[in-house]
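Which chain is which? The protein sequence lines are A and B, in order. Residues in the first sequence are numbered from 1 upward in steps of one, following the numbering used here. Residues in the second sequence are numbered from 383 upward in steps of one, following the numbering used here.
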Amino acid sequence: MTDVSIGGAGLHTTLGRGLAANLAALDHPPTAPKLHAVELAGVEHALPYFLLADEPLRHIEQRFYDSIDTVVDDALTQSRLSSADRHATALFIGSSCGEMPVLEAEYRRDLQISRDALAMASTSSLGNLATRIRKRFALQGPDYSFYTACTASANALGYAAQMIRAGRIRHAVVLGVEIFNAVTAFGFSGLQLLTRDVMRPFDRRRAGLVPGEAIAAIVLTGEPHKGGWRILGGANLCDTHSISATNPDGSAIAAVVRQALAVSGVTLEELAAVKMHGTASLLNDEAEAAGIKLLFETPPPLCALKPYLGHTFGACGLAELALFCGRVSRGTLPATAGICAGDSDLNITLNQTSRPQSPGYFMLNYFGFGGSNTSLIVSNRS
Amino acid sequence: MSAVYIHATGDHYAPYDAANTDLKQDVTAAVGQPVRRIGRFIQLALIGAGRCAQAAPLAADTAVYFGSARGDLEISIEVMQTLFRDGHAPKPLSFINTVSNAACFYIAQTLKLNGRSSFVCNRYFAFESVLQLAMLDINSNAVAAALVGTVDAVVPPLEDHRIRLELPPETPVADASHWIGLRATPPHDKPLQLLAVENFSDSQALIAWLGSQPLDRCLLSGGQFLTETELQALATHCTASERFEYRDRAYYDSQSGAVIGEFVRNPACANRQLLHINRDPSGRYAVMWVGNPNISSS
């Protein structure tokens with residue numbers, strides 16, 4: 001069966017533009033978000049958000065498409081795919097916002113002309129972003145746009161890897177996109193899930209999440225990349241406990257983890273570390289902690305990346321994978337000093353120091369609205 | 383590699399009728415219970431998926447593959463109007479239901495499923511895309527049973543809906559929900575298989591494939607985005623020549639979802655296979671091939 005390797009990556013988050021800038025930012029402690037004024041019916045609301053670094057919130061359409069193009073271009077350039085390879089390359093997108101930022105900007109503009117303006121008048125297909133990117137980068141392979149909330153780009157990556165493994169495609173561009181939009185900002189605000197403080201998953205002081213923007217692109221390839229990262233497998237399962245929260249007894253999380261390990265041929269004992277979903281919301285952290293307790297007597301080192309990035313929703317699968325793999329490639333596990341340092345009411349301790357990390361097998365977990373739970377297994381062992 | 387058998391189909395197709403838009407009774411009949419606080423998109427999903435489950439019961443670990451060109455337009459429009467036109471934050475449940483895979487959740491919860499769940503969009507190949515993912519999972523033994531479908535819901539007023547779908551004025555439009563049940567094990571009665579779901583980057587690749595397959599017992603059908611002229615031209619490159627027609631219907635995006643159900647239910651097709659070809663404006667093609675694999679050699 002074909003190995004699936006990462007052949008190139010591009011990343012733009014609040015930490016920086018490019019993977020190197022993002023990795024460098026992990027050397028500094030997580031910070032509280034800035035508040036951004038969002039106008040609604042003439043009233044300004046201050047909402048916490050981690051925006052893309054060096055991309056002020058203006059010229060929304062251009063900002064949206066140009067930022068995506070740059071990240072995809074970075075990943076494709078690194079991958080050195082020939083033009084013939086690109087022609088057959090498949091595109092997998094995972095997002096929760098899709099082109100919503102653009103649709104919002106258009107509707108706001110149209111409403112200034114008429115109160116009867118049409119919402120979602122253009123680009124109403126959730127497949128249009130894929131069509132645009134394929135055209136821009138001359139990708140003529142099949143495209144699949146995953147809209148499974150916070151697991152979207154993790155699921156996109158999982159299926160891209162599976163198709164390569166099965167020999168159905170040779171290369172895939174996998175893209176995660178989450179860009180500021182008012183629906184998400186006000187939606188989470190209405191659910192009272194936002195904090196203006198540092199995100200502190202699993203910590204006694206956890207007070208909610210901060211939405212974050214991210215664009216991440218990875219080129220997956222069936223050609224061997226010596227010493228690189230391989231996607232071993234993954235699983236996603238639907239948890240019907242509640243549309244907005246995973247089963248707090250941890251059983252649904254334990255089930256998806258066990259299936260991901262079985263598919264990947266890796267045991268719990270072989271895991272060198274786990275990247276937690278860690279949204280710092282009461283219900284998610286409680287369920288995830290319960291899942292860890294069901295799975296491990298003594299868990300391997302646990303880490304979380306949302307304190308740095310914010311919750312990048314549909315993009316978090318890929319953005320956190322890129323950050324995690326980049327950091328471990330440099331020889332250390334991501335750390336969140338001072339966050340969930342050992343006195344958690346959930347009996348979870350997150351990695352606190354830049355401890356050396358050897359190559360090994362790693363698990364990355366993601367859980368989202370709509371009962372979507374996903375677990376990925378990756379390795380950098382040769 | 384596991385074969386993929388078609389066990390059931392469940393369909394709903396209704397040209398839009400402004401005087402008859404209430405789907406509550408259809409939902410209750412399809413899933414055996416009323417389901418509250420859901421919009422028409424999710425109602426349509428439950429009607430099609432429920433009818434499929436009635437035709438052949440679903441195991442609890444059945445995976446759901448939900449394809450769509452546009453997702454739940456109605457709820458997205460409602461939330462945007464609430465926010466920007468009316469100046470209010472969206473209601474919590476409305477916001478949560480903007481998550482496209484909310485429809486997958488309601489299907490899984492109502493039909494008591496706990497397997498994989500994917501909501502995947504593609505503008506022109508919505509049904510073909512999810513069918514391919516389901517086949518991939520069953521072929522690789524990752525999944526033993528799959529429920530695969532697409533949903534299209536009209537969002538009135540009709541003139542606005544046609545603008546959003548870029549349709550000429552007066553184009554008839556329809557609600558639709560098409561589902562099929564797949565398993566790795568054959569059914570007792572009619573061992574109908576999903577033989578292939580393929581993508582092609584261009585017509586040359588498609589023509590090469592057509593020429594290499596034993597399609598002599600196949601009926602040929604064209605997708606809604608493939609012109610009649612092109613279908614005729616493609617027919618000259620393969621041994622399938624007789625036609626299967628299903629396209630006489632009002633517009634909705636995912637008409638490919640209807641063809642397998644129409645084929646399975648047609649008694650005249652009992653000893654035939656079906657080859658369905660669709661294309662998109664960038665010149666890519668998608669093919670679905672179903673039938674009893676032993677027919678072509680008999």
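Even glycine gets a Cβ: it sits at the ideal position worked out from N, Cα and C. These numbers come from a predicted model, not from an experiment.
Review point. From this set, B:G453, B:I642, B:N581, which residue's C-alpha is nearest S500 of chain B's C-alpha?
Key: B:G453
Review point. Taking Cβ to Cβ, would you say A490 of chain B is nearer than 8 Å to G371 of chain A?
Key: In this structure, G371 of chain A lies closer than 8 Å to A490 of chain B by Cβ.
Check your understanding: For G593 of chain B, which option in B:H560, B:G469, B:T621 has the closest C-alpha, if you only look at C-alpha atoms?
Key -> B:T621
Review point. Is the Cβ of P101 of chain A closer than 8 Å to any Cβ of chain B?
Key: no
Review point. What residue range is occupied by the uninterrupted alpha helix (DSSP H) comprising A130 of chain A?
Key: 128 to 137
Check your understanding: Would you call the stretch 165 to 184 of chain A and the stretch 240 to 250 of chain A touching, i.e. three or more CB-CB distances under 8 Å?
Key -> no
Check your understanding: W671 of chain B lies in the beta strand (DSSP E); which residues open and close that run?
Key -> 667 to 673
Check your understanding: Apart from the five residues on each side of it in sequence, which residues of its chain come closer than 6 Å, Cβ to Cβ, to T279 of chain A?
Key -> For T279 of chain A, where only same-chain residues beyond five positions count, the Cβ hits under 6 Å are L209, H311.
Review point. So C600 of chain B and L529 of chain B are in contact, right, with Cβ under 8 Å, and what is the actual spacing, rounded?
Key: In fact, because the Cβ distance is near 26 Å, the residues do not count as touching under 8 Å.
Check your understanding: Taking any Cβ of chain A, which residues in the stretch 608 to 638 of chain B have a Cβ under 7 Å from it, in chain order?
Key -> none
Check your understanding: Considering A53 of chain A, what are the terminal residues of the alpha helix (DSSP H) in which it resides?
Key -> No alpha helix (DSSP H) holds A53 of chain A; DSSP gives it neither H nor E.
Exercise for review: Answer with yes or no whether the minimum CB distance from A524 of chain B to chain A is below 8 Å.
Suggested key: yes
Exercise for review: Return the chain-ordered list of same chain residues with a C-beta closer than 8 Å to the C-beta of N504 of chain B, the five sequence neighbours on each side being excluded.
Suggested key: G449, A451, E510, S511
Review point. Any beta-carbon of chain A closer than 8 Å to the one on N496 of chain B?
Key: yes
Check your understanding: Among residues of its own chain, excluding the 5 on either side of S680 of chain B, which ones have a beta-carbon nearer than 7 Å to its beta-carbon?
Key -> Because S680 of chain B sits at a pLDDT of 40, beneath the cut-off of 50, its placement in the model cannot be relied upon, and the point is left open.
Practice item. Check distances from the C-beta atoms of the stretch 142 to 164 of chain A to those of chain B and list, in chain order, the residues that come in under 8 Å. Key: P142, D143, Y144, S145, F146, Y147, T148, A149, N155, Y159, Q162, M163
Review point. What is the rounded straight-line gap between the Cα of G610 of chain B and the Cα of I659 of chain B?
Key: It should be noted that the sequence gives Glu, not Gly, for residue 610 of chain B. Rounded to the nearest angstrom, the two C-alpha atoms are 11 Å apart.
Review point. Under a CB-based cut-off of 8 Å, is M670 of chain B close to chain A?
Key: no
Review point. Which residues of chain A have a Cβ atom closer than 8 Å to the Cβ of L518 of chain B, listed in chain order?
Key: Y159, Q162, M163, A166, R168
Exercise for review: Say whether chain C places a C-beta atom closer than 8 Å to the C-beta of S559 of chain B.
Suggested key: In the structure shown, chain C does not exist; the protein chains are A and B.
Exercise for review: Tell me, please, whether the CB atom of S375 of chain A is closer than 8 Å to any CB atom in chain B?
Suggested key: no
Practice item. Using a Cβ-Cβ cut-off of 8 Å, state whether E474 of chain B counts as contacting chain A. Key: Note that residue 474 of chain B is Pro in the sequence shown here, rather than Glu. Answer yes: the Cβ-Cβ gap between P474 of chain B and chain A drops below 8 Å somewhere.
Exercise for review: Using a Cβ cut-off of 8 Å (strictly closer), state whether S680 of chain B contacts chain A.
Suggested key: Confidence at S680 of chain B is low in this model, with a pLDDT of 40, below 50, so the placement of that residue should be treated as unreliable; the coordinate-derived value is given next. Taking Cβ atoms only, chain A never reaches closer than 8 Å to S680 of chain B, which makes this a no.
Exercise for review: State yes or no: is the beta carbon of E104 of chain A nearer than 8 Å to at least one beta carbon in chain B?
Suggested key: yes
Check your understanding: How many Å lie between L47 of chain A and I179 of chain A at the Cα?
Key -> 14 Å
Practice item. Using a Cβ cut-off of 8 Å (strictly closer), state whether G94 of chain A contacts chain B. Key: no
Practice item. Verify the CB distance criterion: does L57 of chain A have a CB-CB separation below 8 Å to chain B? Key: no
Review point. Which whole runs of the beta strand (DSSP E) in the stretch 208 to 239 of chain A are 3 residues long or more, in chain order?
Key: 214 to 221, 230 to 238
Check your understanding: Taking Cβ-Cβ distances shorter than 7 Å, what residues in chain B pair up with F369 of chain A?
Key -> I478, V481
Point to revise | Neighbourhood of V536 of chain B by C-beta, 6 Å cutoff - its chain only, sequence neighbours within 5 removed | key: Once the five neighbours on either side are set aside, the close Cβ partners of V536 of chain B are Y398, H543, V555, D557.
**Study point:** Exposure label - P472 of chain B; buried when at least 16 CB within 10 Å
**Key:** buried
Exercise for review: Report the partner residues of P48 of chain A according to the DSSP bridge assignment.
Suggested key: A:L35
Review point. Can I339 of chain A be considered in contact with the ligand GDP, in the sense that its beta carbon sits closer than 7 Å to one or more heavy atoms?
Key: With respect to the ligand GDP, the structure shown offers nothing to examine, as it has no ligands at all.
Review point. Under 7 Å Cβ-Cβ, which residues of chain B neighbour I243 of chain A?
Key: I478, A484, F487
Check your understanding: Less than 8 Å separating the beta-carbons of A161 of chain A and I231 of chain A?
Key -> yes
**Study point:** Nearest-angstrom Cβ-Cβ length linking A235 of chain A and S375 of chain A, presumed shorter than 8 Å
**Key:** 6 Å
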